[in-house]
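Heads up, the thing below is written out as structure tokens.
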Amino acid sequence: MGSQPPAQAHLIELHTTAESSSPQQILHISTASPTPSNTTWLGDTGAASHVVRDRSLFHTYIETPGQTVKGAGTGTLLGRGTVKVIFRNGTTFFPALLTDVLHVPSIDYNLISLGRLTNADMSYFGKGDNITIYKNSVAVCIGKKDGHLYRLSIVPTPRPATILPVTTPRTWYEWHRTLGHLNIQQLKQLYSSSHSTGMHVDHTSDANFTCEDCIQAKHTITPTPKISRDPVQYKNFGDLFYLDVWGKSPIASLQGNVYFALFIDAATRFAFIFFMKQRDQIVQRIEEFQALLDNQYHTSITILRVDNAPELTDGVVRAWCNAHGVIIQTSTPYSPALQGSVERQNRVIAERGRAMLFSSKLPSFLWQEAFSYVIYLRNRSPTRALDGDTPFHALTRRLPDLTNIREFGTRLWALIPSPRQTKLTPKSEPYQFTGISEHSAGYRYFVPATRQILTSRNVIFPYYGVPSISPSMTTTPPAPSSDAISRLEGDYTANLDRDQDKPEKSETRSAVHISDPSDSSVPPIHRSTRQRHAVNYRDLANFGIDARNNASQDVERVYITQSSNPDEPTISEALSGPDAQAWTDAMKAELDQHAKIGTWKLVDLPAGQHAIGRRWVLLVKRNADGTVNKFKARLVAQGFSQIPGQDFSATYAPVMRLESFRVLLHIAASLDMEIDQVDVVGAYLQSELSENIFMNQPPGFEDGTGRVCLLQRALYGLKQAGRVWNTKLNGILVDRLHFIRLNADYCIYLRRAGDSLVIIIIHVDDMAIFASDKSLMTQVKAEIASHVPITDLGPIKFFLGLHVDRNRPKHSITLHQSKYIRTILDRFHQADAHTVSTPLDQSAKLCARTNIATGTSPEFPYANAIGSLMYAAVSTRPDISYAVQTLSQFTSNFDQSHINAVKHVFRYLKATPTLGITFRTSDVTLSGYSDADWGQDLTNRRSISGYFFMIGRSPISWSSKKQSTVALSSMEAEYLALSHATKESIWLRSLLRELGFPQANPSIIFCDNQSAIAFTRDNQFHARSKHIDIRHHFIRETIASKDIDVTYTPSQSNSADLLTKPLNRVAHARALALIGISPD
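So for the sequence shown, UniProt numbering puts the first residue at 1; every next one is plus one.
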């Protein structure tokens, strides 16, 4: 270090020809280093332009003859152009485009102008010896101080392609990792010998490297024993096989195995590995190995040398060997040297496999893949027992080709099969490489979303022009603590190593990256594919550097595509928007709450344990009138990485039924009860965990110690969080506040004392409280608040996205979704559509699309639209239930006719956005209507069942459903529909009984088919009805027990007609009037 002064900045004059413009000043970086470098990038705050010394890095180029630069020597400015680079932050890469870059071959290093970066809306923060460069608050690059300048972590993107050329030299360290952490002596032996091809080494790289993954995986307290040579030298493949069993693994593999059996041929040292779930499966593995030898190598086992393990020398193994003429040799007791070849290889395989898992950051349950790849590489590596030859060459007499060998865990892009491709979706998806298939010409890779190992030959390994560097060898400087925005960059920086083992089951994360959108050769670093909730659809935000050249304005440009739902912004949207301070305060408030209640404690991660991920979820909570109630930031655990049986067991938690909520609203309207709403603050956090779950520290707020959070309480996102919170709340309400939990609905609690009545219905952390008077309401709120913190939201107005409008003078309550309907109309671009008077056109004949090869329409998100309509249909809009039920059958095989029908439903909703259900004062008496449309489905001729259940004139429950079997007559279809309605009536009667409103008389179900009514009382049509499934006949028992009674009503008076077929305008309006729904 003392012989080379640090890099210094020098002023350079740019001299031009007479015709050119006046000289400009730039800064040039010079050092006493005798070796110029194309890979070193230095940043300077005073430089006016970027400078690059290597012509091959330019993607566009214009020569500039006659121009020179002076300062630290004299150099020629040969040209200008654009250079694509990749900013690097640890193991995360951010592609970008530099414009107006000067080409000066005589300079010693590449120069980045930090001033030019700020012109592109980028920023930087330097403190001490570290510098961090930000783009839209995302940390994209880090650097270390070198003298007065900063050596930046930047990688040039090679001009020709993104696929790694087969002749690209790799460093010794890269080959060490690629060949499964093979030791350097064997690496050099493999390279220098004639026993392999395709191994190109960068001779300038250092062979005396230290691999921390190998230290973790292979460190031992005793010297490695030498492999013993057998006193008998075997010359032919198959003369003798060593056999040993390894295990038991503390973690089962993805395939459920915990042992492996290793066979090694004594003559060629070629190894075979077989995995097992139990040790007693060894005889099956020996049989499979014998079959492999017979079919592929035309030989058989002659001698099998094993140790003295009982499962290898006694019982079925010895019996099998005796039956097949195989000699079992056992090693001499206390003399493992004779078994040393296989004994040591067991250890080597486990050590190298562990190193590969550590290096790749893949989950431990992929150890079987790692061990298999170790065997593949070991058979192609030199061994001392063969005097430097490889087992593969010794067996096949062919040289192993290492050209296509890849490092375990390397990122690859796999082609999506054509049935899953559409015109506007990506053609490939990123995964991680886990091995090369020996049974087919393809690469194996891990799919986290489905926890599968797949094989494909249609893969691309991306190449960014930089050797792969171990994450453990990369140091990230801490972000500036005074900048709230920069402290949050950890949440949305696309971290390759961390995200690869996540199932893309999920995730609510939006992709954030800097890229060149016009260049398809630079793949996006990360894209979230986790599917959101069915009623929550929003586009992902995309960030990038605009690559379009603009001759009149020579600056870099940045564009942002905003999310379509401003109430659920991404981190970058929130912190770059006008409410950035409000979101920052919301995140601080969330963490303050965690600190106050002790959600976790920081500990060192124990050996053998794993820490799950975490992320921020942001939501603008609004009042019923659309005004902002509060900015909510919630820290969520990424529970998809929890291990069943270790991190959680049971997960079920009950949720509120909408039918129950509607029943309670009718009771409240009839009894003039008070209805208030409360929200439990941090509901899940109020319950304690019984399992030890470790989680990474909150993103953007890490303390730099590397410790993890040992969760003490049930954080949102955990698999069991809903269950433990429900258990906690149930204990409070039942054991301490003396409420009774209803069996008909586990989310309803009731307490009655004399004339006072309190009913609580819960949905996770939202509660609606029904009380007979205001003083009782105040008392109940105080009782709950004494056990868990709550927010009193006052009289109910907006509950679970439902508007609750109360008219006290008229003793009525109206439930509607006008705001939600207008939202989905905007979301699917139907706000300006022409209106219609019915939800489904009577003339529409909808059938499943027969030509599957045509694919789905990319212009309309059909399944998303059906999901959005479904929430309205089950909540407040029974008038669209039949249409939604019908259209939902075609989500995987729709065409333009189905899209038009969906848009027809939207047009109807636009005409009737305020339609809802009104509950008025009446006796709490249950009645129902049942109907069926025989053979309505044109595809399979199944009938449609429909029912309404009313209290007074208010619909409480409804259903439109295709029958599971084909009915042979209209009577049979109506009878099956009655059976469907009877089941619902039994549950509703049970609910009303527990609420204190038992039904004194049988509940009447009206039906418009006389034959079906007669059949409910007696089997009068045996020849035509004996085939009807016996399970449908329980309706007769309910009639006999006086739970229900079936009565005839004309079709014009049957409101269930609305749920079984499309009606014309007049009939549709009449059906709405029958259930008390009419426009305002």
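Even glycine gets a Cβ: it sits at the ideal position worked out from N, Cα and C.
Per-residue DSSP class, three states only, for residue i
i: GLN67; result: strand
i: MET587; result: helix
i: ILE514; result: Reliability fails at ILE514, whose pLDDT of 30 lies under 50, so the model's placement of it is uncertain and the value that follows must be treated cautiously. Coil.
i: ASN730; result: helix
i: THR330; result: strand
i: ALA1071; result: helix
i: PHE358; result: helix
i: SER1041; result: coil
i: CYS211; result: coil
i: ILE693; result: coil
i: THR76; result: strand
i: GLY115; result: helix
i: LYS248; result: coil
i: LYS983; result: helix
i: GLN609; result: coil
i: VAL348; result: helix
i: PHE640; result: helix
i: ASP735; result: helix
i: HIS1033; result: helix
i: SER196; result: coil
Residue i - partner residues in DSSP beta bridges
i: GLU688; result: ARG713
i: ARG170; result: VAL201
i: THR627; result: Answer by DSSP bridge pairing: none, since THR627 is not bridged.
i: GLY143; result: ILE131 and LEU152
i: HIS594; result: HIS594 is not bridged to any residue.
i: residue 1096; result: In the structure as shown, the chain begins at 1 and stops at 1080. Residue 1096 is therefore absent and cannot be evaluated.
i: SER970; result: BP columns for SER970 are empty, so no partner.
i: ILE86; result: PRO95 and VAL155
Inter-residue CB distance, residue i and residue j (contact presumed, cutoff 8 Å)
i: LEU750; j: LEU995; result: 7 Å
i: TRP41; j: ILE86; result: Not a contact, Cβ separation roughly 11 Å.
i: GLY43; j: ILE131; result: 7 Å
i: THR410; j: PHE461; result: 6 Å
i: ILE405; j: LEU179; result: 7 Å
i: PHE275; j: GLU288; result: Their Cβ separation, rounded to whole angstroms, is 11 Å, which puts PHE275 and GLU288 out of contact at 8 Å.
i: THR330; j: VAL348; result: Not quite, the Cβ-Cβ distance comes to about 23 Å (not below 8 Å), so this is no contact.
i: ASP679; j: ASP585; result: No, ASP679 and ASP585 are not in contact; Cβ-Cβ is about 19 Å, not under 8 Å.
i: ILE675; j: PRO795; result: 7 Å
i: SER641; j: GLY613; result: 6 Å
i: LEU635; j: PRO698; result: 6 Å
i: GLU984; j: TYR929; result: Not quite, the Cβ-Cβ distance comes to about 12 Å (not below 8 Å), so this is no contact.
i: PHE906; j: LEU825; result: 6 Å
Extent of the continuous alpha helix (DSSP H) to which residue i belongs
i: THR778; result: 774–785
i: ILE760; result: No alpha helix (DSSP H) holds ILE760; the beta strand (DSSP E) holding it covers 756–763.
i: SER881; result: 881–887
i: GLY315; result: 315–324
i: TYR191; result: 184–192
i: LYS621; result: Note, LYS621: premise wrong, no alpha helix (DSSP H); beta strand (DSSP E) at 614–622.
i: ALA873; result: 862–875
i: ILE667; result: 658–671
Boundaries (first-last residue) of the beta strand (DSSP E) holding residue i
i: SER572; result: From DSSP, SER572 is part of no beta strand (DSSP E) but of the alpha helix (DSSP H) over 571–576.
i: GLU674; result: 674–680
i: residue 1106; result: Only positions 1 to 1080 of the chain appear in this structure, which leaves residue 1106 out of reach.
i: ARG444; result: 443–447
i: ALA1012; result: Where ALA1012 is concerned, there is no enclosing beta strand (DSSP E), although the alpha helix (DSSP H) it sits in stretches over 1010–1017.
i: PHE648; result: No beta strand (DSSP E) contains PHE648, which DSSP labels as neither H nor E.
i: GLY46; result: Element bounds for GLY46: n/a, residue is neither H nor E.
Secondary structure, alpha helix (DSSP H): runs of 4+ residues fully inside the segment 889–953: 896–911
4 or more residues per run - each alpha helix (DSSP H) lying fully within the segment 256–304: 282–292
Beta strand (DSSP E) segments (min. 3 residues) lying fully within the segment 362–407: none
Uninterrupted alpha helix (DSSP H) stretches inside the segment 800–849 (no shorter than 4 residues): 818–827
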